[in-house]
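The structure appears right after this line, and notes come after that.
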């Protein structure tokens, strides 16, 4: 079941990027004027454009993250918040890794702006990683029973 969830989320990420490449390569799609648009962007760095052109570093980080998650996932109670956090982080990490290996960069396409503040362009894999990290932090910081997510 876990493998299927990660596969489906990764496929959703890859499908969204394929659609962006097919339909938005040369134009933007404004969904909410002045706030939300879809656009095509090639990102050879990490989140928010940091660490540009550090391919080997990304490979090493990805392998460590994937190995740590694969090691810990079976030890978590299925469908606990900690479980979902690792599933989301794993799917997002794999989704962006596929782009890096296949294209040499990550396809980003979600652009948010609020007044004069323009947030970095990102993709579904980035969103999965961020939401997973928030879930993981919440699990760690707010759990009354620190062992609640772990199998006994």
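Numbering (UniProt numbering), first residue to last: 1 to 152. Note that the Cβ used here is the ideal one computed from N, Cα and C, for glycine as well. Given the structure is predicted, the values throughout are model-derived calculations rather than measurements.
Bridge-paired residues (DSSP) for residue i
i	result
residue 98	Residue 98 is not bridged to any residue.
residue 113	118
residue 131	Paired residues: none, contrary to the question.
Nearest residue (CA-CA) to residue i, options the options
i	options	result
residue 34	115, 1, 18	115
residue 32	126, 112, 137, 124	112
residue 100	83, 59, 12	59
residue 138	1, 21, 83, 27	83
residue 143	90, 105, 75, 81	81
residue 4	90, 97, 103, 133	90
residue 56	97, 69, 74	97
residue 88	124, 63, 107	124
Nearest-angstrom Cα separation, counted from residue j out to residue i
i	j	result
residue 65	residue 72	11 Å
residue 86	residue 141	16 Å
residue 7	residue 16	14 Å
residue 37	residue 18	17 Å
residue 11	residue 95	8 Å
residue 79	residue 54	35 Å
residue 51	residue 136	24 Å
residue 119	residue 43	14 Å
residue 128	residue 40	19 Å
residue 92	residue 29	24 Å
residue 165	residue 102	No answer is possible for residue 165: the residues shown for the chain start at 1 and end at 152.
residue 133	residue 126	11 Å
residue 109	residue 76	33 Å
residue 21	residue 105	13 Å
residue 70	residue 1	14 Å
Beta strand (DSSP E) segment containing residue i, residue limits
i	result
residue 40	36-43
residue 31	29-32
Range of the contiguous alpha helix (DSSP H) that encloses residue i
i	result
residue 23	2-24
| field | Those runs of the alpha helix (DSSP H) which lie wholly inside the region 48-77 and span at least 4 residues | value | 55-72
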